[in-house]
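Just so we're aligned: the sequence shown equals residues 160 to 274 in my numbering. I have placed the structure first, in the form of structure tokens, so that the comments after it can refer back to it.
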Amino acid sequence: AWVVSTFDADDETTVRRKLKYAVGTWEEEYKGQATIYGEAMKPTVVTRRTFYVPEPDADRTTYAIAHVTLSQTPKGLEESRRYLKNDGQQMILRRTFWSAGDCQPAISTEVFARD
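Spelled out as structure tokens, the structure:
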């Protein structure tokens, strides 16, 4: 499982949210404004499913796999794919988002490097 900490926008040390991405189907409850979920005035549930898949771009020195989470949201479907590269010195996070009613996804890639 991956544990992801989200920090306040104006503070690099205050954890706003900590989420454990465990294997299987699970739910996350949120309230307020969320970029990919939309705005929820009352608590809303997002269903997520997390699993591992082969990843040809991942390190071959360990396991060439990715940790993947699919999230069904009010705005569409998001895939978050995390895997290691460069002997574990980088974690790649590739997000693919299919907006409801749109067949062309939006894709972003973030690279996290160890010091």
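Backbone N, C-alpha and C fix where the C-beta goes; we use that ideal spot for every residue, glycine too. This one's a predicted model, so the numbers in the text were calculated from it and none came from an experiment.
Does DSSP classify residue i as helix, strand or coil?
i    : result
Y242 : strand
A160 : coil
G260 : coil
P202 : strand
Q248 : coil
V182 : coil
R207 : strand
If we call anything under 8 Å between Cβ atoms a contact, is residue i one with residue j?
i    : j    : result
R106 : R240 : The structure shown does not extend to residue 106, since the chain spans only 160 to 274, so no value can be given for it.
E188 : L178 : no
A259 : Y242 : no
P215 : A223 : yes
G183 : T203 : no
Q248 : A217 : no
Checking the sheet assignment: what are the DSSP bridge partners for residue i?
i    : result
P213 : I224
K177 : S164
T232 : G235
R219 : According to DSSP, R219 bridges with nothing at all.
R254 : S239, S267
Which word fits residue i, buried or exposed, when buried means at least 16 other C-beta atoms lie within 10 angstroms of its C-beta?
i    : result
E269 : exposed
R207 : buried
S230 : buried
T228 : buried
F256 : buried
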